[in-house]
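Residue numbers (the numbering used here): 2 to 332.
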C-alpha cells in the first residue's frame with residue numbers, strides 16, 4: 002500500500018478499528034478515511050453506495066460490526082445477525098463495485114465449531130455445530146467469509162478474511178452488560194479494590210480456556226497482511242472448490258498461539274489491579290465454548306509473531322482513557 006493511498010477503516014472508533022488507525026498512522030499512512038456511525042450508517046445501503054462512489058477508497062479494513070459478550074449476544078440475537086449481515090453486505094459489494102484493490106474483513110474465532118479440535122485451523126470452518134450463545138454473530142461472520150470468497154471467484158476481487166482471537170486493549174468496551182471477559186474483569190476488580198469490596202464474582206466455573214491478544218498486536222498483524230507482496234497476498238485468497246476440489250476459503254487466523262483458563266485470567270487481572278479480596282465463581286452462569294485456541298502457524302510462517310505479554314497489555318488497558326472514563330462514570 003502506498004503511503005498516500007486512500008484507506009477506509011470502517012469502525013475506526015471501536016477496539017479493532019482504533020488499533021488499526023494507530024498502527025496505520027505510526028507507519029506513515031497519510032490518507033485515512035474515517036467516518037463515525039452518525040456520519041455514515043453502513044447498515045444503510047444507499048448511504049454506503051454514495052460514500053464509496055464519492056470517496057472511492059483504494060483499500061478497506063472492514064472492522065465495523067455489532068459486537069458484545071455472552072449476555073449481549075443472548076439478549077439481542079436478532080440485532081447481532083441483522084446488523085452484521087447488513088454492514089458486511091453493503092461494504093463488500095461497494096468495494097467490488099468501486100474497484101477497491103484489497104479488502105480485509107475482520108471476524109472472530111467464534112466462527113469455528115464449539116467442539117473444534119484445538120488449536121483451531123482455518124480448515125475447521127463449517128465442520129461442526131457452533132456455540133449457541135453467539136451463533137447469530139458467528140453465522141453473520143461466516144457469511145462475510147463466504148462473500149469475500151464468492152466475490153473473489155466471480156469478480157476477481159482480492160478480499161481476505163482475517164479471524165482474530167479474543168482481543169483487549171485501548172478502545173475496549175467496559176459496559177458490564179455488553180463487554181467481553183477482559184474489560185469486564187478489569188472493571189470489576191478495579192472497582193472492588195477502590196470500594197474495598199470483600200469479593201468479586203466471576204461468571205462461570207473458571208475452567209474454560211481462552212486465548213487473548215493485545216489489540217495493537219492484532220492491528221500490526223492486519224497491516225502486515227495488507228502490505229504483503231502480491232504473490233504472497235494472493236496465495237491467501239483460497240481457491241475455487243469447484244475447480245480445485247479443495248476447501249480453501251480466503252481465511253487466516255490471527256492470534257498468539259497459547260491460552261489460559263478463565264481462572265488463571267482472573268488471577269492475573271487481580272494481580273494487575275492490586276485487588277486483595279476473594280474471588281467467587283458463579284457456576285449458574287454460562288461458560289460458553291470449553292476452549293478456543295487458534296492455530297496461527299500460517300501467519301507465523303509468513304513472518305508475523307505477536308510480542309505483547311498479557312500482563313503488559315492489561316496494564317496498558319488499565320492506563321487507557323477509555324478505562325478511566327468508564328470507571329469515572331460510576332465513581
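Note that the Cβ used here is the ideal one computed from N, Cα and C, for glycine as well. Note that the coordinates shown come from a computational prediction; the quantities given were computed from them, not determined experimentally.
Check, Outcome
"Sufficient close CB pairs (3 or more, under 8 angstroms) joining the stretch 133 to 144 to the stretch 190 to 203", "no"
"Terminal residues of the beta strand (DSSP E) in which residue 281 lies", "279 to 283"
"Neighbour-count burial assignment, residue 233, 16 or more Cβ in a 10 Å radius", "exposed"
"Of the listed residues 103, 31 and 211, nearest to residue 257 (C-alpha basis)", "211"
"The stretch 93 to 111 / the stretch 152 to 161 touching (three or more Cβ pairs under 8 angstroms)", "yes"
"Every unbroken alpha helix (DSSP H) within the stretch 103 to 177, with a cutoff of 4 residues, ordered by chain", "136 to 156"
"Complete runs of the beta strand (DSSP E) confined to the stretch 260 to 314 [at least 3 residues]", "279 to 283"
"Stretch pair the stretch 136 to 154 + the stretch 28 to 39: three plus CB contacts closer than 8 angstroms", "no"
"8 angstroms CB neighbourhood of residue 239 in its chain, flanking five on each side removed", "150, 153, 249, 250, 251 and 252"
"Member of 274, 255 and 267 whose CA lies at the smallest distance from the CA of residue 298", "255"
"Buried or exposed (CB count within 10 angstroms, at least 16 for buried), residue 241", "exposed"
"With 16 other Cβ atoms within 10 Å as the buried cut-off, status of residue 51", "exposed"
"Residue 282 versus residue 201 - alpha carbon distance", "9 angstroms"
"Cβ contact check for the stretch 317 to 332 and the stretch 174 to 188: 3 or more pairs under 8 angstroms", "yes"
"Alpha carbon of residue 94 to alpha carbon of residue 306, nearest angstrom", "32 angstroms"
"Beta-carbon spacing of residue 336, residue 122 below 7 angstroms", "What the structure shows of the chain is the stretch from 2 to 332, and residue 336 is not part of that stretch, so it cannot be assessed."
"Residue 288 and residue 209 closer than 7 angstroms at C-beta", "yes"
"Where residue 101 falls: helix, strand or coil (DSSP)", "coil"
"Nearest-angstrom Cα separation, counted from residue 217 out to residue 276", "26 angstroms"
"Best match in 21, 59, 11 and 62 for proximity to residue 40 [C-alpha to C-alpha]", "11"
"Classification of residue 76 by the beta-carbon crowding that lies within 10 angstroms, buried from 16 upward", "exposed"
"Contact set for residue 129: own chain, Cβ-Cβ below 8 angstroms, skip 5 residues either direction", "114, 115, 116 and 117"
"Residue 90, DSSP secondary structure in three states", "helix"
"Beta-ladder partner(s) of residue 215, from DSSP", "169"
"CA-to-CA distance, residue 302 to residue 24, given in whole angstroms", "22 angstroms"
"Cβ pair residue 20, residue 169 closer than 7 angstroms", "no"
"Span separating the alpha-carbon of residue 230 from that of residue 206", "46 angstroms"
"Under 7 angstroms between C-beta atoms of residue 16 and residue 88", "no"
"Per DSSP, cross-strand counterpart(s) of residue 252", "162"
"Chain-order list of residues whose beta-carbon lies under 6 angstroms from that of residue 49 (same chain, five-residue window excluded)", "43, 91 and 95"
"C-beta atoms of residue 34 and residue 9 nearer than 7 angstroms", "yes"
"Proximity below 7 angstroms, CB of residue 67 to CB of residue 84", "yes"
"Residue interval of the beta strand (DSSP E) (run including residue 247)", "Where residue 247 is concerned, there is no enclosing beta strand (DSSP E), given that its DSSP letter is neither H nor E."
"Residue 77, DSSP secondary structure in three states", "coil"
"Cutoff 8 angstroms; reference residue 279; Cβ partners in own chain excluding five residues on either side", "199, 200 and 201"
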